[in-house]
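Everything in the sequence shown is counted per UniProt numbering, starting at 1 for the first residue and increasing by one. Below is one structure, written out as structure tokens; the observations come after it.
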Amino acid sequence: MYRFKLSDHHYWRIFQHYNILIHFLKEGGSVFGIVINLCTDNDEKCRLYLQSIANGYFNFVQNSIGCKSAARDILDEAKWIWMEEVANANNTNYRIVSNTVFEEELDCSDIVSSPDYKLLVCLHGQRIKVFKLPCLIFIFELKVNWTEQSSRFLTFSPDSSYFLSNSVRSSICIREQKEVPFIPHGPDSIRSCSFSSCGTKLVTFEEDFIKVWDVRKKVILKEVQTQPCHADDYCFIKGNRYILGLGGLPGKFAFWDSTTLEKQDINNICYDPCLITYNDNIQIISSPSLFSDSENIATRHFHLPNGEIVVTINKNCSKPFTWKGRKCVLFSTSFPWIVYDFIKQEVVDTFRIGCLPCGFSSRIKWWSKLDGTNFLICFGDNQVILLSFESNPVEPSVAPFVNSAAVQCSTVSADNLYVVRCYENYILGIYSVDNGKSLQTVELKQSPVACWWSELYLWVVCEDVVVKFPYDSSNSNVLGNNMEECSINFDSVLEFSDGVLVVNHNMETSILKICNEKLCPQQIPDTHFLASSAAVSSDGCAVFLYCLSLSDYQLWEVASENRWELISSSKYKFSYIDDVDGLFMLLAQSWFFLAGIQNSRHCLCVNDNPMTLFSFSSNPSFSLCVIDFANEMQDEDGIDIEGDLREVIYSPRGFFVILVDLWIYLVKVSDGEIIAIKLFFDVWKNECMFYLTSRGALLLLLKNDLRYFKIHNIENYLNLC
Numbered sequence: 001m002y003r004f005k006l007s008d009h010h011y012w013r014i015f016q017h018y019n020i021l022i023h024f025l026k027e028g029g030s031v032f033g034i035v036i037n038l039c040t041d042n043d044e045k046c047r048l049y050l051q052s053i054a055n056g057y058f059n060f061v062q063n064s065i066g067c068k069s070a071a072r073d074i075l076d077e078a079k080w081i082w083m084e085e086v087a088n089a090n091n092t093n094y095r096i097v098s099n100t101v102f103e104e105e106l107d108c109s110d111i112v113s114s115p116d117y118k119l120l121v122c123l124h125g126q127r128i129k130v131f132k133l134p135c136l137i138f139i140f141e142l143k144v145n146w147t148e149q150s151s152r153f154l155t156f157s158p159d160s161s162y163f164l165s166n167s168v169r170s171s172i173c174i175r176e177q178k179e180v181p182f183i184p185h186g187p188d189s190i191r192s193c194s195f196s197s198c199g200t201k202l203v204t205f206e207e208d209f210i211k212v213w214d215v216r217k218k219v220i221l222k223e224v225q226t227q228p229c230h231a232d233d234y235c236f237i238k239g240n241r242y243i244l245g246l247g248g249l250p251g252k253f254a255f256w257d258s259t260t261l262e263k264q265d266i267n268n269i270c271y272d273p274c275l276i277t278y279n280d281n282i283q284i285i286s287s288p289s290l291f292s293d294s295e296n297i298a299t300r301h302f303h304l305p306n307g308e309i310v311v312t313i314n315k316n317c318s319k320p321f322t323w324k325g326r327k328c329v330l331f332s333t334s335f336p337w338i339v340y341d342f343i344k345q346e347v348v349d350t351f352r353i354g355c356l357p358c359g360f361s362s363r364i365k366w367w368s369k370l371d372g373t374n375f376l377i378c379f380g381d382n383q384v385i386l387l388s389f390e391s392n393p394v395e396p397s398v399a400p401f402v403n404s405a406a407v408q409c410s411t412v413s414a415d416n417l418y419v420v421r422c423y424e425n426y427i428l429g430i431y432s433v434d435n436g437k438s439l440q441t442v443e444l445k446q447s448p449v450a451c452w453w454s455e456l457y458l459w460v461v462c463e464d465v466v467v468k469f470p471y472d473s474s475n476s477n478v479l480g481n482n483m484e485e486c487s488i489n490f491d492s493v494l495e496f497s498d499g500v501l502v503v504n505h506n507m508e509t510s511i512l513k514i515c516n517e518k519l520c521p522q523q524i525p526d527t528h529f530l531a532s533s534a535a536v537s538s539d540g541c542a543v544f545l546y547c548l549s550l551s552d553y554q555l556w557e558v559a560s561e562n563r564w565e566l567i568s569s570s571k572y573k574f575s576y577i578d579d580v581d582g583l584f585m586l587l588a589q590s591w592f593f594l595a596g597i598q599n600s601r602h603c604l605c606v607n608d609n610p611m612t613l614f615s616f617s618s619n620p621s622f623s624l625c626v627i628d629f630a631n632e633m634q635d636e637d638g639i640d641i642e643g644d645l646r647e648v649i650y651s652p653r654g655f656f657v658i659l660v661d662l663w664i665y666l667v668k669v670s671d672g673e674i675i676a677i678k679l680f681f682d683v684w685k686n687e688c689m690f691y692l693t694s695r696g697a698l699l700l701l702l703k704n705d706l707r708y709f710k711i712h713n714i715e716n717y718l719n720l721c
């Protein structure tokens, strides 16, 4: 889809609607191999379409398309429930430079930019297309003889005057815009190739041979046989003294002397603990993007015998560039994108493309840092866009320690203004719900296990002590000095919410309640009950305990500040822990919630359907189970959702929020009806989810980010019900 004579206004409107149609409304489409079977109901499709427009998805010219407000008006007038992603105050400023859309899908190996940043080349079907940068104006195209057995690659010469495509026997001359002989007697098929920085040498990799060629004389200088598939890609190190072979797995690489092709013993290469300064001889080795998503950032480096430095990074990253006067790389598999100083090992900046749907950056298939602040990205399957980012003038919202430690627990303040994340490296971080900005960090003395936020204190359960921090939202540092509350012994924490802490210790379950801002322990008397799950009522006066292995449950009510009474005890009949015809049935996942008030409590449980250990069904359906304690009744109804159940939360307003595959569902408790749906590509990056009742909003904590959704028309709908 080329712009030609269309005005910007009409072109970007077509572009926006095109993306929404193919990514949100195409039946039978797939994302990362997951088939999306959308409801065929026209009303549901209409809601998804209007919701996408109202969120401004793919509006790259930012507010220039006037249909956004019209879509909002239609949704609100129809009183449809819909979710709006609230813009983050730290969203990166950017401007669209140019773009193009291809008819067919592009692969990562099918696109490359020239070393001088003036050309973009794409292998598109059986044709090569060349574009001028930064405007992405089409220059010329050529037909190529490519078969399914051929290796697909594009390699530019260092001076950008020609490039190789799928073979070394010929090259594409930019000036003449045609195919010309290169090494006519060269191998018919190679897997990859790379030029030396001066352009006089070429290394090629066949199935089991590495060859170094003299480009001018068209002769082999040296060749050596290597193990098949020892590496997937070969290139010259910057000084041209060594050749680097990169494997398909993280940390798999090898070096050869480029003159003798003798393999170097990396065990004898000098390693340094830290990198002090940057020089132009530093070579970056990054991991394949396939293995980068869940990794925390880790770097190490070593010195080659000629003094060159190689830095290995366990995430897929860009080539080094200067940003805010520092030598950095960019990680695109993180969202937002992270600009990382690999010398000081610090996060310098973050980039967020605000007009892309939540998590859509995960679908960026190829990207390249160009000159200045320009980035060329290929997202979806066939769309190439050149964006120019502006440096964020404020400090990044991601603190450096976030990228080197896992989150142990999280909670939201009682006034819904802040969220806390407690990390395994004893660091506690406070973030603003409104903009995700990091406001305060506190160092703990022990590893955190669980946390909860009352109106006056933040409570953190550590290894053998509970500490509390005074909370004052009017101060710049909202947490004051910590106060040790009490020592505690436990083996595991089942639940910490609404002023109640439930733990297991010495094969028994204990309930500890916060009374008058003090944690008062209370052992359950004479029951010897060991729970596997627990749920606390929103008033903090009742606790539901469940033992999966026995299918037993108990309901406890607080009798006084310090004393609990057993109200109900029975078998849970929907656990499906049975031996049926020799097959052991089990419930894969369950989420328990305690609702109601004293004398009218009921437990809600969202289950995926039971599956045998020998069943590999990829589309389990779900059920809603209700235990009515007053009437001693248990009922089960189906929920019309299919997919991989990831997380469930319950709102006392009477609905569930359920994450399944790539979707967020709102489900009414009373009858299991789906009342709203939203596509969310980063479901598997979600670490924790909260419903903010006072805001009528949904907060999802992702690694290095938070996403905030306003739920429109939910209150009116529930009041009518």
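Think of the CB as a built atom: it goes at the ideal place given N, C-alpha and C, for glycine as much as any other residue. Model, not experiment: these values are computed from the prediction.
ALA450 vs GLU424 beta-carbon contact at 7 Å: Judged by their CB atoms, ALA450 and GLU424 are not nearer to each other than the 7 Å cut-off.
Segments of 3+ residues assigned as beta strand (DSSP E) that fall wholly inside the segment 656 to 697: Runs of the beta strand (DSSP E) inside the segment 656 to 697: 663 to 668, 674 to 679, 686 to 692.
Of the residues GLN16, ASP552, PHE342, the one placed nearest ARG300, counting alpha carbons only: Nearest C-alpha to ARG300: PHE342.
Length of the line joining the Cα atoms of CYS198 and SER165: Roughly 20 Å between the two C-alpha positions.
Run of the alpha helix (DSSP H) containing ILE74, from where it starts to where it stops: ILE74 -> alpha helix (DSSP H) spans 67 to 77.
Sequence-distant residues of the same chain with beta carbon closer than 7 Å to VAL669, five excluded per side: Cβ within range, chain order: LEU604, GLY654, PHE655, PHE656.
Straight-line gap, PRO134 to LEU386 (C-alpha atoms, nearest Å): Using only the alpha carbons, I get a separation of about 7 Å.
PHE138 classed as buried or exposed, judged by whether at least 16 other C-beta atoms fall within 10 angstroms: Looking at its Cβ environment, which holds fewer than 16 other Cβ atoms inside 10 Å, PHE138 is exposed.
Environment of GLY372 [buried if 16+ CB atoms lie within 10 Å]: Here GLY372 is exposed, its C-beta having fewer than 16 other C-beta atoms within 10 Å.
C-beta atoms of LEU645 and SER410 nearer than 7 Å: Pairing LEU645 with SER410 gives a Cβ-Cβ distance that is not under 7 Å.
Whole-angstrom distance between ASP552 and HIS528, CA atom to CA atom: Whole-angstrom Cα-Cα distance: 12 Å.
Boundaries (first-last residue) of the beta strand (DSSP E) holding ASN374: 374 to 379 is the extent of the beta strand (DSSP E) around ASN374.
Residue range of the unbroken alpha helix (DSSP H) whose run includes CYS135: Element bounds for CYS135: n/a, residue is neither H nor E.
Alpha-carbon to alpha-carbon, ASP415 and LYS315: If I take the Cα positions, the gap works out to 37 Å.
Residues sharing a beta bridge with PHE163, DSSP: BP columns for PHE163 point to PHE156, ILE172.
Candidates GLY643, LYS571, LEU370, ASP671: closest to TRP663 by CA position: For the residues GLY643, LYS571, LEU370, ASP671, the minimum Cα distance to TRP663 belongs to GLY643.
Cross-strand partners of GLU517 (DSSP beta bridge): In the DSSP output, where bridge partners are listed per residue, GLU517 has none listed.
Test item: CB-CB of LYS678 and ALA697 under 7 Å: Cβ atoms of LYS678 and ALA697: not closer than 7 Å.
Coarse secondary structure for TRP12, derived from DSSP in three states: TRP12: helix per DSSP, three-state reduction.
Inter-residue Cα distance where the pair is LEU154 and GLN126: If you draw a straight line from the Cα of LEU154 to the Cα of GLN126, it is about 14 Å long.
Where SER618 falls, given that 16 or more other Cβ within 10 Å makes a residue buried: Low confidence applies to SER618: its pLDDT is 49, below 50, so where it sits in the model is not reliable enough to give any reading.
Integer-rounded CB distance, given that GLN383 should sit under 8 Å from VAL101: Rounded, the Cβ-Cβ distance is 5 Å, consistent with contact.
Whole-angstrom distance between ALA70 and LEU479, CA atom to CA atom: The alpha-carbon of LEU479 is positioned some 43 Å away from that of ALA70.
Three-state secondary structure assigned by DSSP to LYS468: Three-state result, LYS468: strand.
Contacts around ALA676, its chain only, beta-carbon distance under 6 Å, and the 5 residues preceding and following it disregarded: ILE81, LEU666, listed in sequence order.
ARG241 vs ASN296 beta-carbon contact at 7 Å: No. Outside cutoff.
Straight-line gap, LYS573 to PHE58 (C-alpha atoms, nearest Å): Straight-line Cα distance between these residues: approximately 48 Å.
Spatially closest choice to TRP556 from LYS132, SER192, VAL500, LEU699, by CA coordinates: Of the candidates LYS132, SER192, VAL500, LEU699, the one whose C-alpha sits nearest the C-alpha of TRP556 is VAL500.
ASP628 - partner residues in DSSP beta bridges: The partner list for ASP628 (beta bridge, DSSP) reads HIS602, MET633.
Host beta strand (DSSP E) of TYR49 (start-end): No beta strand (DSSP E) contains TYR49, which is instead part of the alpha helix (DSSP H) from 42 to 54.
Close Cβ partners of VAL502 (< 8 Å) along its chain, the five nearest in sequence each way excluded: Excluding sequence neighbours, VAL502 sits near VAL493, LEU494, GLU495, PHE496, THR509, SER510, ILE511, LEU512, ALA531, ALA534, VAL536, VAL543, LEU545.
SER161 versus THR322: straight-line alpha-carbon distance, rounded: Rounded to whole angstroms, the separation of the alpha carbons of THR322 and SER161 is 26 Å.
Same chain, Cβ closer than 8 Å to LYS118, five either side skipped, listed in chain order: If we look at LYS118 and ignore the five residues flanking it on each side, its Cβ neighbours are LYS132, LEU133, SER160.
LEU21 classed as buried or exposed, judged by whether at least 16 other C-beta atoms fall within 10 angstroms: Note on LEU21: under 16 other CB atoms within 10 angstroms of its CB, so exposed under the neighbour-count rule.
Limits of the unbroken beta strand (DSSP E) element including HIS505: Element bounds for HIS505: 500 to 505.
Closest by C-alpha distance to LEU692, when choosing among ASN704, GLU715, ILE674, ASP671: The shortest Cα separation from LEU692 among ASN704, GLU715, ILE674, ASP671 belongs to GLU715.
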